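Throughout the sequence shown, residue numbering follows the numbering used here, covering 179 to 684 in sequence.
What follows is one structure encoded as structure tokens, with my remarks underneath.
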Amino acid sequence: MNDQNTIERWDTFEFSLEGPKTSNPFSDVNFSAEFTYQNRQLKTDGFYDGDRVYRIRFMPDMTGEWHYITKSNVPELDGQQGKFNCVPASERNHGPVRVKNTFHFAYADGTSYFPFGTTCYAWAHQGDELEEQTLETLSKAPFNKIRMCVFPKDYIYNKNEPVYHPFEVHENGHNNLERFNPEFFQHFEKRVSQLRDMGIEADIILFHPYDRWGYCDMNAEEDYHYLRYIVARLAAYRNIWWSMANEYDFLLDVKPMTHWDRLFNILEEKDPYHHMRSIHNGDSAKAYDHTKPWITHVCIQHSDVAKVTEWRETYRKPIVNDECQYEGNIPRPWGNLSAREMVHRFWVMVVKGGYAGHGETYMHPDDILWWSKGGVLHGESWQRIAFLREIIEDMPKDGLSPMVGSWIWDQLAGGINGEYRLIYFGEHQPAEWAVGLPMEDGEYDIDLIDTWNMTITPIDKAPLPVSPPVRKKKTDKQIVKPKPEAAFGVRLPGKPYMALRIRPKK
């Protein structure tokens, strides 16, 4: 037995045992462990890792002494006992992400987490050279979450064969869906652990429709077998998010809605740490019912980012529009946004109380597009997303609530957090402004933010803009003096894509 005597809180404790030779160790052997902390017990499944090695992984969430005992249907693996000491987490280890205050997120230690994600579907299937380049790019980029597929992908610009396959492959080229390829999963989890060490959440896409290897066509029992195996391998990593599928509705002909529900039930049962759980739509008209209790947050794709307020009201959960289309120039309508439009959509989502996802699809002579294969970033939006992330992480914790109650906020993005206000004008270019500013006069720091040039300029209060008189009704001749829109106004440069930040002076 190999074990660790001391482990950080929310880190991965692991031990292995040598087991018997069987015809199929992936299905013939049941192997699990029960972990005990004081009067609390948690069960986690083990897995076969090749060469007669059986492993257990566990993520302790309390400091102190933990004990464990294994359970198995084979004597060599049954009744093995041990213990370890869990010590406080190190400075950069905040634990797994949880939902906070209905619409937002925080790490397990209470530190706010604001997702600024990107999509790199098949980056972990490209070979070491390109994958290491992707990690190097991520180390300099602002992204703290990445969407990535377990299964390789077959789609436009994604026709290369993966380095590893998730199942053993027969001589005739067909998958043996009863036997996993441990080398594939060892490589995949190596990439997940590297992301963890970089502070990046791995949003793991468990199923997707873009396939030529037969993974889409696995039957229900094969799906369940695979799901249990990958949960046993990955759940003990603190940076895991589960995305049950990418564009699940394109698979409804082979995997009906009841099947997706059953997969979530298994995921809930087998993941003792209750990582974040979502599912991603393709056709917006067939969006999954995100009110179901096993869905922790809404993962959606939609080009109309202003609908975030409606989604918040409908689902009462955090909203992550992970595919509000991509910056790039490919001949697909979802993959040729300008960088300015990508930045604009991020600002609307975030200021209205949701979160957005980045992707980049610039044509490349070798089909190395970031959105699927990773590599390097060629666009201009990611730097501006980094700028936005700095602004959001500098505000009071717990995220923004959208300003509502006026037709104005259907066109503009206004967010509020206590006395903190962030107003984004988008394509509008007013020369003066007051709506949404404080109704009580006081001492405020007022900043003009240029979202593209990434500048923050302090500005002063100004007289309120002149408001036209109004009539009570269209047929009423009585002129009514309008109520003040705020305690003061501001003068603006009359340029699009500007924002205002208003903070009480400290």
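C-beta atoms are modelled at their ideal positions from N, C-alpha and C, and glycine is treated no differently.
Because the structure is a prediction, the values reported are computed rather than measured.
Please classify residue i: does DSSP put it in a helix, a strand, or coil?
i, result
"residue 436", "helix"
"residue 602", "strand"
"residue 705", "Nothing can be reported for residue 705: it is not among the residues displayed for the chain, which extend from 179 to 684."
"residue 379", "strand"
"residue 443", "helix"
"residue 402", "helix"
"residue 408", "helix"
"residue 613", "coil"
"residue 426", "helix"
"residue 328", "coil"
"residue 318", "helix"
"residue 259", "strand"
"residue 597", "coil"
"residue 252", "coil"
"residue 220", "strand"
"residue 278", "strand"
"residue 479", "strand"
"residue 323", "strand"
Between which two residues does the alpha helix (DSSP H) holding residue i run?
i, result
"residue 586", "586–589"
"residue 681", "Premise fails: residue 681 lies in the beta strand (DSSP E), 676–682, not in any alpha helix (DSSP H)."
"residue 566", "559–571"
"residue 267", "Counting along the chain, residue 267 falls outside any alpha helix (DSSP H), and DSSP gives it neither H nor E."
"residue 619", "That residue, residue 619, is in no alpha helix (DSSP H); it is neither H nor E in DSSP."
"residue 209", "Element bounds for residue 209: not the alpha helix (DSSP H) but the beta strand (DSSP E), 209–215."
"residue 203", "203–206"
"residue 456", "Run containing residue 456: none in the alpha helix (DSSP H); it sits in the beta strand (DSSP E), 454–456."
"residue 548", "548–551"
Smallest Cα separation from residue i: which of the options?
i, options, result
"residue 310", "277, 434 and 365", "365"
"residue 544", "224, 334 and 275", "334"
"residue 636", "617, 612 and 668", "668"
"residue 305", "291, 327 and 341", "341"
"residue 182", "234, 223, 210 and 679", "234"
"residue 451", "198, 663 and 221", "221"
"residue 209", "459, 198 and 250", "250"
"residue 217", "200, 196 and 243", "243"
"residue 490", "282, 642, 207 and 257", "282"
"residue 390", "339, 440, 434 and 415", "339"
"residue 175", "219, 256 and 288", "Missing from the structure shown is residue 175; the chain here goes from 179 to 684 and no further."
Quick check: what's the CA-CA separation for residue i versus residue j?
i, j, result
"residue 247", "residue 259", "4 Å"
"residue 413", "residue 419", "9 Å"
"residue 344", "residue 359", "5 Å"
"residue 640", "residue 620", "13 Å"
"residue 331", "residue 395", "14 Å"
"residue 645", "residue 577", "32 Å"
"residue 536", "residue 424", "15 Å"
"residue 464", "residue 427", "7 Å"
"residue 599", "residue 398", "49 Å"
"residue 611", "residue 630", "20 Å"
"residue 561", "residue 517", "10 Å"
"residue 548", "residue 478", "20 Å"
"residue 673", "residue 568", "22 Å"
"residue 453", "residue 469", "17 Å"
"residue 438", "residue 384", "11 Å"
"residue 591", "residue 584", "11 Å"
"residue 627", "residue 214", "52 Å"
"residue 530", "residue 307", "40 Å"
"residue 632", "residue 565", "7 Å"
"residue 513", "residue 329", "22 Å"
"residue 377", "residue 318", "12 Å"
"residue 315", "residue 368", "17 Å"
"residue 320", "residue 617", "35 Å"
"residue 678", "residue 604", "11 Å"
"residue 447", "residue 480", "31 Å"
"residue 596", "residue 622", "14 Å"
Considering residue i, what are the terminal residues of the beta strand (DSSP E) in which it resides?
i, result
"residue 375", "Run containing residue 375: none in the beta strand (DSSP E); it sits in the alpha helix (DSSP H), 360–375."
"residue 386", "Unbroken run through residue 386: none, as it is neither H nor E."
"residue 685", "An answer regarding residue 685 cannot be provided, because it is not within the stretch 179 to 684 covered by the chain."
"residue 491", "No beta strand (DSSP E) holds residue 491; the alpha helix (DSSP H) holding it covers 486–493."
"residue 529", "No beta strand (DSSP E) contains residue 529, which is instead part of the alpha helix (DSSP H) from 517–529."
"residue 623", "622–628"
"residue 194", "191–196"
Taking the Cβ atom as the reference point for each residue, do residue i and residue j lie within a distance shorter than 8 Å?
i, j, result
"residue 483", "residue 534", "yes"
"residue 363", "residue 406", "no"
"residue 455", "residue 472", "yes"
"residue 191", "residue 185", "yes"
"residue 521", "residue 570", "no"
"residue 270", "residue 286", "no"
"residue 550", "residue 336", "yes"
"residue 461", "residue 297", "no"
"residue 401", "residue 441", "yes"
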